[in-house]
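J.: Have a look at the structure that comes next, please.
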Amino acid sequence: MVSGMYSPEDRGSGKTTPFPGAEWFKSYPTSPIITAMGKRLVAEGCNKYSIGPGPKWTGADQASYKCWQEKLGYTGVDADGWPGDKSWNELRVPSTRDEDANNDVAVVFWIKAFIPLNVAGVTRAYPKDSSKMMINGIPIIGDCFLTDQRGFSSASDAKSRMHSQAWVWVNPNGYRWSQRHYCDETTEVDCEDGDVEGRKTQNNDNMAFKVLKGSSTRVVLEFQAAQNNPLVTGSPDIDLIGTLTVDRVDQFVEFVGKVDEFPAFEAYVSINGGSPRTIARLGPKPGAGPESLFGSANRSLRGSVNF
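For the record, in the sequence shown the residue sitting at position 220 is 220 according to the UniProt record's numbering, with numbers rising by one throughout.
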């Protein structure tokens with residue numbers, strides 16, 4: 001909730017740092033952006049630092065940002081200290097030297113595997129809540145499991161089985177990048193009465209980007225991710241592979257990859273703090289369910305956007 005009572009200090013019309021994305025901060029980054037943010041927070045009267053501010057995101061940064069959110073009128077879960085795009089834009093963090101070169105590009109890319117709310121012939125109603133759906137596990141080795149209860153979504157925090165995200169900055173002086181990977185909780189339920197039989201969150205051990213090529217004009221990251229159902233020992237992996245290309249000169253972002261026949265997959269990009277743009281979306285192959293996960297990725301998932 002926002003009351004809109006506070007008027008931030010006038011920072012003029014100088015160049016500011018685009019919002020890096022909510023998940024970037026949760027990767028506990030080290031960046032001059034964090035120092036610049038901290039200095040702005042101190043200037044706005046939100047100084048929770050004993051030493052600093054500095055380039056590493058810490059609890060003091062989160063406490064100071066929480067103060068800023070409260071000054072803007074946010075309350076409750078909206079004032080948790082994690083930056084959001086609206087409060088960030090109000091703060092007007094000045095560009096750092098790394099972000100201030102001419103023709104610089106800041107890209108946030110994310111890709112997800114998720115189980116849709118409705119999959120013909122695969123999902124069925126959850127006995128305890130008719131608005132939710134579940135799927136049968138693989139015969140013999142699994143019971144039923146809740147879906148991610150959604151369709152395609154460009155929200156970076158939309159629930160999924162697997163989420164991988166990369167931040168890439170490219171300018172005439174070079175490039176840098178970071179990454180984050182996680183899985184949302186899996187819920188096992190009884191197929192007949194819907195009782196919850198287990199909850200567990202898979203780790204991110206087999207999910208990673210790595211640099212294939214990097215320069216001041218183009219960055220190419222190789223991507224590979226594979227994870228299974230954490231509640232079913234020996235269950236097959238959901239597989240995603242591909243390459244992400246960010247080209248500053250030719251001005252495009254492209255992903256070329258392969259995925260399994262199940263579940264659904266989606267990829268998006270935000271460029272220079274802009275709204276999410278769709279790279280690719282692909283639903284489950286008709287008739288495919290969890291049993292189709294045995295084997296490697298065999299469906300094309302690719303797309304590109306220009307800027």
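The beta carbon of each residue, even a glycine, is placed where N, CA and C say it ideally should be.
Note down, in chain order, each residue of its chain lying with its Cβ closer than 7 Å to the Cβ of Ala-288, except the 5 sequence neighbours on either side.
T.: Residue mapping note: residue 288 aligns to position 288 of the sequence shown, counting from 1. Around Ala-288: Glu-261, Phe-262.
J.: Run the CB neighbour count on Asp-61, radius 10 Å, all protein chains shown included, and call it buried at 16 or more, exposed below.
T.: Counting from 1 along the sequence shown, the entry for residue 61 is found at position 61. Asp-61 comes out buried.
J.: With 16 other CB atoms within 10 Å as the buried threshold, where does Val-196 fall?
T.: Residue numbering aside, residue 196 sits at position 196 when the sequence shown is read from its first letter. Exposed, since its Cβ has fewer than 16 Cβ neighbours within 10 Å.
J.: Compute the Euclidean distance between the alpha carbons of Pro-230 and Gln-69, then round it to the nearest angstrom.
T.: Position 230 of the sequence shown holds residue 230. Position 69 of the sequence shown holds residue 69. C-alpha separation (whole angstroms): 37 Å.
J.: Taking only runs of the beta strand (DSSP E) that begin and end inside the stretch 71–115, which ones reach a length of at least 3 residues, in chain order?
T.: Correct list: 105–114.
J.: DSSP three-state call for Leu-41: helix, strand or coil?
T.: To locate residue 41, count along the sequence shown from 1; it is residue 41. Here Leu-41 sits in helix by DSSP.
J.: Does DSSP put Glu-261 in a helix, a strand or coil?
T.: Within the sequence shown, residue 261 is the residue found at index 261, counting from 1. Of the three classes helix, strand and coil, the one that applies to Glu-261 here is coil, per DSSP.
J.: Classify Cys-144 as helix, strand or coil using the three-state DSSP reduction.
T.: For this step, residue 144 is matched to residue 144 along the sequence shown. Of the three classes helix, strand and coil, the one that applies to Cys-144 here is strand, per DSSP.
J.: In its own chain, which residues sit with a C-beta less than 8 Å from the C-beta of Pro-139, not counting the 5 before and 5 after it?
T.: For the purposes of this step, residue 139 is identified with residue 139 of the sequence shown, where counting begins at 1. Correct list, in chain order: Glu-291.
J.: Give me, in chain order, the residues of the same chain whose beta-carbon lies closer than 7 Å to that of Thr-96; leave out the 5 immediate sequence neighbours on both sides.
T.: What you label residue 96 is simply residue 96 of the sequence shown in a count that begins at 1. So the list reads Thr-17, Pro-32, Ile-33, Ala-36, once near-sequence residues are dropped.
J.: Spatial neighbours of Lys-258 within its chain, please: CB distance less than 7 Å, with the 5 preceding and 5 following residues excluded, ordered by chain position.
T.: Looking up residue 258 in the sequence shown gives position 258. So the qualifying residues of the chain are Ile-241, Gly-242, Ala-297, Asn-298, Arg-299, Ser-300, Leu-301.
J.: Which of the three DSSP states is assigned to Tyr-49 in this structure?
T.: As a position in the sequence shown, residue 49 is number 49, starting the count at 1. Here Tyr-49 sits in coil by DSSP.
J.: Got a sec, what are the start and stop residues for the alpha helix (DSSP H) Ala-22 sits in?
T.: Counting from 1 along the sequence shown, the entry for residue 22 is found at position 22. Here the alpha helix (DSSP H) through Ala-22 covers 22–25.
J.: How should Leu-293 be labelled, buried or exposed, when 16 other C-beta atoms within 10 angstroms of its C-beta is the threshold for buried?
T.: The count along the sequence shown starts at 1 and reaches residue 293 at position 293. Looking at its Cβ environment, which holds 16 or more other Cβ atoms inside 10 Å, Leu-293 is buried.
J.: Gln-149 by DSSP, collapsed to three states: which one?
T.: Counted from its first residue, the sequence shown places residue 149 at position 149. Three-state result, Gln-149: coil.
J.: Going by DSSP, name the residue or residues bridged to Trp-167.
T.: Walking along the sequence shown from the start, residue 167 turns up at place 167. In DSSP, Trp-167 forms a bridge with Val-108, Ser-178.
J.: Using the C-alpha atoms, what's the distance from Ser-153 back to Gly-12?
T.: In the sequence shown, residue 12 corresponds to position 12, counting from 1. In the sequence shown, residue 153 corresponds to position 153, counting from 1. Its pLDDT being 46, under 50, Gly-12 is placed unreliably by the model, and the measurement read from it follows with that caveat. Between Gly-12 and Ser-153, the C-alpha separation is close to 35 Å.
J.: From Leu-72 to Trp-88, what does the alpha carbon distance come to, in whole angstroms?
T.: Taking the first residue of the sequence shown as 1, we reach residue 72 at position 72. Taking the first residue of the sequence shown as 1, we reach residue 88 at position 88. So the alpha carbons of these two residues sit roughly 11 Å apart.
J.: Considering only the beta carbon of each residue, do Val-108 and Pro-20 sit closer than 8 Å?
T.: Position 108 of the sequence shown, counted from the start, is the residue given in the question as residue 108. Position 20 of the sequence shown, counted from the start, is the residue given in the question as residue 20. Yes, they are a contact pair.
J.: Mark Arg-176 as exposed unless 16 or more other C-beta atoms lie within 10 angstroms of its C-beta, in which case mark it buried.
T.: For the purposes of this step, residue 176 is taken as the residue at position 176 of the sequence shown. So Arg-176 ends up on the exposed side.
J.: Give the range of the beta strand (DSSP E) segment to which Thr-278 is assigned.
T.: Here residue 278 refers to the residue found at position 278 of the sequence shown. Element bounds for Thr-278: 277–282.
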